[in-house]
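Heads up: the structure comes next, in structure tokens.
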Amino acid sequence: MDTRSLDRPVAIAVKRNLTTDSPESHTLCPSDIKMSKHVTKTVDDEFRKVADSILHRSQSNSLKVASAPFEIPEYPIEEKEQKTYLERQLRSSFSSSPWMHYNEPEDEANRCWKRAESVPDIDETKSTPDIDLSPMFERISIVNKCGVQGKHFSGIPLKDLEEASKSLVKALTVREKYMMLSQQGFPKIINRCLQSVIDKNDFHMISDGCAACEKKTIKGYLKICSSKFAPDEETHYCSASDITSNDHQCMKGIEDHPIHAPRTDGDPFDCILPNSVNCAFKMVNGVMKVYLDKASMDQDKPFDWTYPDCATFLNDQNIMYTLISDGPLKSFCYQRLSYLSYKYQLHVLLNELKESAAQKEVPHRDFYNIRKVDTHIHASSCMNQKHLLRFIKKQMKVNPDEIVSCGKDGKMMKLKEVIQLVFDSLGINTYDLNVDMLDVHADRNTFHRFDKFNAKYNPIGQSELREIFIKTDNHIGGKYFANVIKEVMSDLEESKYQNAEYRLSIYGRSKQEWEKLAKWAVVNQVHSDNVRWLIQIPRLYDVYRSNKLVSNFQQILENIFEPLFAATNDPKSYPQLHAFLQYVSGFDSVDDESKSEHVVFDADSPFPRNWTNDENPPYNYYLYYMFANMTVLNQFRRERGFNTFVLRPHCGEAGNVTHLVAGYMLSESIAHGLVLRKVPVLQYLYYLAQIGIAMSPLSNNSLFLNYHRNPLPEYFARGLNVSVSTDDPLQFHFTKEPLMEEYSIAAQVWKLSTCDMCEIARNSVLQSGFPHEVKQHWLGPNYTREGVPGNDVSRTNVPDIRVAYRYETLVEELQYICRGLQAGIPESNSNE
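To convert, note that position 272 of the sequence shown is 285 in the working numbering; the numbers rise steadily by one, no gaps.
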């Protein structure tokens, strides 16, 4: 394989050149991140033809209930998947495969682990005695042999195996490039794999990652794998040198990392405001450019903060479209996904009792008191319907004379007057009000009716009540909304181990939205150590355009991102916004994905300033320009020493598979991902790259997919990085602990074990945007390391056996792909 064709960016160690603590520092001297520009090649035309064909079929079939455009009749994967039963496959596998063994391998690299009888409680650990931490469990070993007549042991022709491996490596390289430039998380294990391909070396797990371990101290035991570099490390990207040094870094102890992170004292929004660096910035072709000063802006000399330009993105997108429609690659990925499913079933049959026994040995730790994060929940519906009803009645009783709105005639209206108008129109009184009359809960009428679901946000069907009680920008400054959120936060703090990432809306209608939102949070002290914020951006350009709020798409981008660049440049001029951004993790893109897209994002698409028609831009258009601006913003904020953001959009809930392609390329993690069940190539890539997927089965059950058809248990069995979330407790849940409600229903319906639920909870913490220092307390002080030595079972309650299985399986899949690049060379003995 010609490794030069990978176009893999060089990992760069970025160092801060500006000390924000020094009042004399007024000039920004940024480091440059270089990326080669895309050069048009002949093969690009072929990719473009395939992509155009897919997009054309997508548009023509958008309103039909038919096979998705990425499904080719010669490969009826979805039909085959529906007709396949586990029992029949297992019987055929046992009868036909002479290489299947369940005995323990004898080689040194995979010798049996021995588990200590118990792990001491953290609080009782005064020293670090040597403990044998090697867990005993049954490994599933399959001996690979090359067959005859040019076929691999699995029955795949060697040529197809080699081509599939090249395609998968290319796809992983594409994602690596975008994640590195935007400073989002990328698994170090994948980085090592791609580096081994370039160096033409054998890829293997790290020496202490999962295989035989010598006796280790409890300090060495308390580490956990992660997909991110620690933010306090000087190097921000994964490179080969980083991995070598990181694998041999000193292991951190537990003395300074108790299970509970320290609480915030005093005003959480009280922070140091660095001086301005006097940079200038303006938006060019939909992407913000930053200049040293106004003179540099006049000379058009911006900082060389690289982001993938539109041509590069479209070319990479066309490559991805070509890959997901390639028949042999689809068959290969489907086979690998099936193998992962069956392998997990065998693992459960062999090791379920051992995993349960390992959990019972851990003192004072079970599913109830491990950290779990609701990775996808909207702030406007974070309370349940009974909570909202009680809150409305309480305000009617306590604050009836408070001025809450301005009538159409300009008259100021009290709360009791607004309520009375609503009740009079419905012919009811306060006593009659109940949760059924509130009518905010989803029902069977909302299935595939996103418009009816959105109407459920209006209590009693009245938009006036929504404006008063669940909006941040209203006549009372969002006071009631802040109070009800603080009540929900209080419930989270009382539960101690439950956390959430609430989504707040920025619409892009004006540049004042950010300052109003920050003022709402700071003035009302809306903060909890159990909560972080994500900013959701609705895709509503067509609505704003029809109402003459904006004249082109670039105005929305300017309204969203210009205040962020201004606050980064001069925090003292935006103190509340600067303080609020400390608790913002990233951005989300929201709207009804099932709406058909009448235009496509291709080389003929206009730049945002020229997008002046009434048609809404496609999903990928929104996501690309959000990503490009976030990439430049992250580089600016990194230079200033501020926190950076990630992209975590709603993706794959419904609609076209092209959404998932954009999510794969641009997002650190996604929400929903239901359409992945129909796209084996993308599903396998999401597994290899360990992209986080926040799934909400109860929400999907009411909107798009019946509960028993939800792919969450299948994704989980195959090893995808899934977490459970609530989405909208106001519409879908009944109790004040909606996340536990979600877990309990999933456990009952899909018969999840305690080990399964603890693993999903651990995934949710890793996916979340909580700070690195907090995760060190929740997961262990060295959680960023690979493999079993990083699993602190006394904090996560995930047995070493399960972590070992996941890590070994991922390494084996990566080794399988790496060996596929040299598939024509026979190998007598190798482990898959």
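Just so it is clear, CB atoms sit at the ideal spot from N, CA and C, and this is done for glycine as well.
The beta strand (DSSP E) that contains residue i, what's its start and end?
{"i": "N633", "result": "No beta strand (DSSP E) holds N633; the alpha helix (DSSP H) holding it covers 632 to 653."}
{"i": "Q835", "result": "Neither: Q835 is in no beta strand (DSSP E) and is coded neither H nor E."}
{"i": "Y352", "result": "Segment 340 to 373 is the alpha helix (DSSP H) holding Y352; no beta strand (DSSP E) there."}
{"i": "Y381", "result": "Y381 -> no beta strand (DSSP E), and no H or E assigned at all."}
{"i": "R516", "result": "511 to 518"}
{"i": "R722", "result": "Here R722 belongs to no beta strand (DSSP E), and DSSP marks it neither H nor E."}
{"i": "Y587", "result": "Looking at the DSSP string, Y587 is not in any beta strand (DSSP E), and its letter there is neither H nor E."}
Report, in whole angstroms, the separation of the C-beta atoms of residue i and residue j, which I expect to be a contact under 8 Å.
{"i": "R622", "j": "G299", "result": "7 Å"}
{"i": "N680", "j": "Q780", "result": "Note that residue 680 corresponds to Ser in the displayed sequence, not to Asn. The Cβ separation is near 11 Å, so there is no contact."}
{"i": "F578", "j": "V290", "result": "With a Cβ gap of about 11 Å, F578 and V290 do not count as contacting."}
{"i": "P413", "j": "L428", "result": "6 Å"}
{"i": "G668", "j": "S607", "result": "5 Å"}
{"i": "L792", "j": "D805", "result": "6 Å"}
{"i": "T809", "j": "I383", "result": "6 Å"}
{"i": "S178", "j": "L834", "result": "5 Å"}
{"i": "V435", "j": "M426", "result": "Not really, about 11 Å apart at Cβ, beyond 8 Å."}
Just the C-alpha distance for residue i and residue j, rounded to the nearest angstrom, thanks.
{"i": "P742", "j": "L752", "result": "9 Å"}
{"i": "R516", "j": "K484", "result": "13 Å"}
{"i": "N776", "j": "Q433", "result": "48 Å"}
{"i": "N719", "j": "N713", "result": "7 Å"}
{"i": "E767", "j": "D617", "result": "A quick correction: the sequence has Thr, not Glu, at residue 767. Distance between the alpha carbons of T767 and D617 is about 52 Å."}
{"i": "Y728", "j": "D311", "result": "52 Å"}
{"i": "L547", "j": "P170", "result": "47 Å"}
{"i": "F620", "j": "N328", "result": "16 Å"}
{"i": "L350", "j": "M678", "result": "21 Å"}
{"i": "I830", "j": "D583", "result": "48 Å"}
{"i": "Q511", "j": "G676", "result": "27 Å"}
{"i": "H488", "j": "F783", "result": "32 Å"}
{"i": "E130", "j": "E374", "result": "Because E130 sits at a pLDDT of 35, beneath the cut-off of 50, its placement in the model cannot be relied upon, and the following sentence gives the value as read from the coordinates. Spanning the two alpha carbons is a distance of roughly 7 Å."}
{"i": "P281", "j": "K509", "result": "19 Å"}
{"i": "H591", "j": "L530", "result": "12 Å"}
{"i": "T388", "j": "I203", "result": "24 Å"}
{"i": "D615", "j": "V603", "result": "22 Å"}
{"i": "Q208", "j": "M218", "result": "13 Å"}
{"i": "V563", "j": "Y554", "result": "8 Å"}
{"i": "P588", "j": "W527", "result": "12 Å"}
{"i": "N123", "j": "V361", "result": "Reliability fails at N123, whose pLDDT of 41 lies under 50, so the model's placement of it is uncertain and no value is given."}
Using the Cβ count rule (16 or more neighbours within 10 Å means buried), how would you classify residue i?
{"i": "P630", "result": "buried"}
{"i": "Y796", "result": "buried"}
{"i": "R152", "result": "buried"}
{"i": "S709", "result": "buried"}
{"i": "P576", "result": "buried"}
{"i": "L846", "result": "No answer is possible for residue 846: the residues shown for the chain start at 14 and end at 845."}
{"i": "L99", "result": "Its pLDDT being 48, under 50, L99 is placed unreliably by the model, and nothing is read from it."}
{"i": "S476", "result": "exposed"}
{"i": "V187", "result": "buried"}
{"i": "Q761", "result": "exposed"}
{"i": "R205", "result": "buried"}
{"i": "E137", "result": "Residue placement at E137 is poorly supported in this model, since its pLDDT is 39, which falls under 50; the coordinates still yield a value, given next. Exposed."}
{"i": "H270", "result": "buried"}
{"i": "L194", "result": "buried"}
{"i": "Y632", "result": "buried"}
{"i": "P200", "result": "buried"}
{"i": "R832", "result": "buried"}
{"i": "P376", "result": "exposed"}
{"i": "A846", "result": "The structure shown does not extend to residue 846, since the chain is modelled only from 14 to 845, so the question has no answer here."}
For the candidate residues the options, whose alpha-carbon lies nearest to that of residue i?
{"i": "V612", "options": "E628, G599, S598", "result": "E628"}
{"i": "N560", "options": "W533, A534, Q538, N626", "result": "N626"}
{"i": "E506", "options": "N471, D542, S586, S354", "result": "D542"}
{"i": "E59", "options": "Q330, V386, A495, M639", "result": "Q330"}
{"i": "D769", "options": "G732, Q789, K788", "result": "G732"}
{"i": "S896", "options": "V435, R479, G705, D605", "result": "For residue 896 there is no data in the structure shown, the boundaries of the chain being 14 and 845."}
{"i": "N882", "options": "S418, K399, N458", "result": "Limits of the chain in this structure are 14 at one end and 845 at the other, which puts residue 882 out of reach."}
Along the chain, where does the alpha helix (DSSP H) containing residue i start, and where does it finish?
{"i": "V210", "result": "201 to 212"}
{"i": "I569", "result": "566 to 582"}
{"i": "G599", "result": "No alpha helix (DSSP H) holds G599; the beta strand (DSSP E) holding it covers 597 to 603."}
{"i": "Q761", "result": "751 to 763"}
{"i": "R775", "result": "767 to 780"}
{"i": "Y304", "result": "Counting along the chain, Y304 falls outside any alpha helix (DSSP H), though it belongs to the beta strand (DSSP E) covering 300 to 304."}
With 8 Å set as the bound, which would you pick, yes or no: does the beta-carbon of residue i sit closer than that to a beta-carbon of chain B?
{"i": "Q348", "result": "No chain B appears in the structure shown, which is made up of a single protein chain."}
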